[in-house]
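Reviewing the structure listed below.
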Amino acid sequence: MSGSEARKIRLLMELRRNGVIDTRVLSAVERVPREFFVPQPFLDRAYDNTALPIGHGQTVSQPMIVALMTQALAVKDKMKVLEIGTGSGYQTCVLARLCRRVYTIERHRPLLREAEARFHQLRIHNVTAIVGDGMRGWPDQAPFDRIIVTAAAEDVPSTLVDQLAVGGIMVLPVGKSGRPDQQVVRLTKTDDGLIPENLFPVRFVPLVAGLPG
Ligand code: SAH
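Rendered as structure tokens:
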């Protein structure tokens, strides 16, 4: 077994110990090679349970957080999922293994181009990616069965709630950036309104409106 295989197995065991029990999520994490998503100097840390820098002041999220947020999203295979904050594309690929199509939006064009090259290399064909301000969502493709935001908003963006189907679920970190008191929140949209649940504390980079100047 190669060193990276052994590290991957250790990571999967750590995810299980920390409450990732959905076998579809575990096998999606197992099948997405995280070494494709981290810059060369960090290759030997690709299967560490840590966030790593990807340039432009952004990070690829910690595998535990990716797995727990994906599990909370309860994605089924016929679903249409919107992701805000493509970054490296790692979370996108985990989602793409679990649903019909992922629509993903990133505000940094160079990051999106790199992520698209990875989707191509990994032969992941059920992702549609655009450069844009994810706070506006993707009105042409709405409604979405699931929405995930991988950058922290100070408040839940109401435009995204509007683009969530009734019966749909949205998972996002809420709170001030860099502060330790951000929470991953799950919102379930029902006929009678939104049901919010606080899931766990996190620290994400901020969701920023508009495109870089
Ligand atoms: N899910 C990513 C981690 C992303 S870090 C991964 O697995 O690698 C958060 C990303 O959100 C950054 O790339 C940042 O540029 C992007 N982002 C922040 N605000 C945004 C916005 N309004 N619209 C789109 N992307 C945004």
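At position 77 of the sequence shown (counting the first as 1) the number is 77 in the working numbering, and the numbers step up by one without a gap. A virtual CB, placed ideally from N, CA and C, is assigned to each residue, including glycine.
Residue environment for Ala-129: buried (at least 16 other C-beta atoms within 10 angstroms of its C-beta).
Nearest neighbour of His-108 by Cα position, chosen from Val-102, Glu-116, Gln-182, turns out to be Glu-116.
About 5 Å separates the beta carbons of Arg-118 and Phe-36, which is inside the 8 Å limit, making them a contact pair.
With a threshold of 7 Å, the Cβ atom of Ile-105 counts as near ligand 1, since some heavy atom of the ligand is closer than that.
Going by DSSP, Phe-119 is part of the alpha helix (DSSP H) stretching over 109–121. In terms of Cα proximity to Pro-157, the closest of Gly-55, Ile-84, Gly-57, Arg-31 is Ile-84.
Residue environment for Ala-209: exposed (fewer than 16 other C-beta atoms within 10 angstroms of its C-beta). Collapsing the DSSP output to three states places Thr-92 in a helix. For the options Gly-193, Trp-138, Ala-28, Gly-55, the alpha carbon positioned closest to that of Gln-40 is the one of Gly-55.
Taking a cut-off of 8 Å on C-beta distances, the segment 158–170 does not touch the segment 8–24, as fewer than three cross pairs fall below it. By the neighbour-count criterion, in which a residue is buried when 16 or more other Cβ atoms sit within 10 angstroms of its Cβ, Ser-61 is buried.
Annotation: the continuous alpha helix (DSSP H) that includes Val-161 extends over 158–162. Residues of the same chain with a CB within less than 7 Å of the CB of Asp-44, apart from the 5 flanking positions on each side, do not exist.
By alpha-carbon distance to Thr-70, the top candidate from Leu-207, Pro-201, Arg-146 is Arg-146. Nearest neighbour of Ile-124 by Cα position, chosen from Tyr-90, Asp-192, Val-38, Trp-138, turns out to be Tyr-90.
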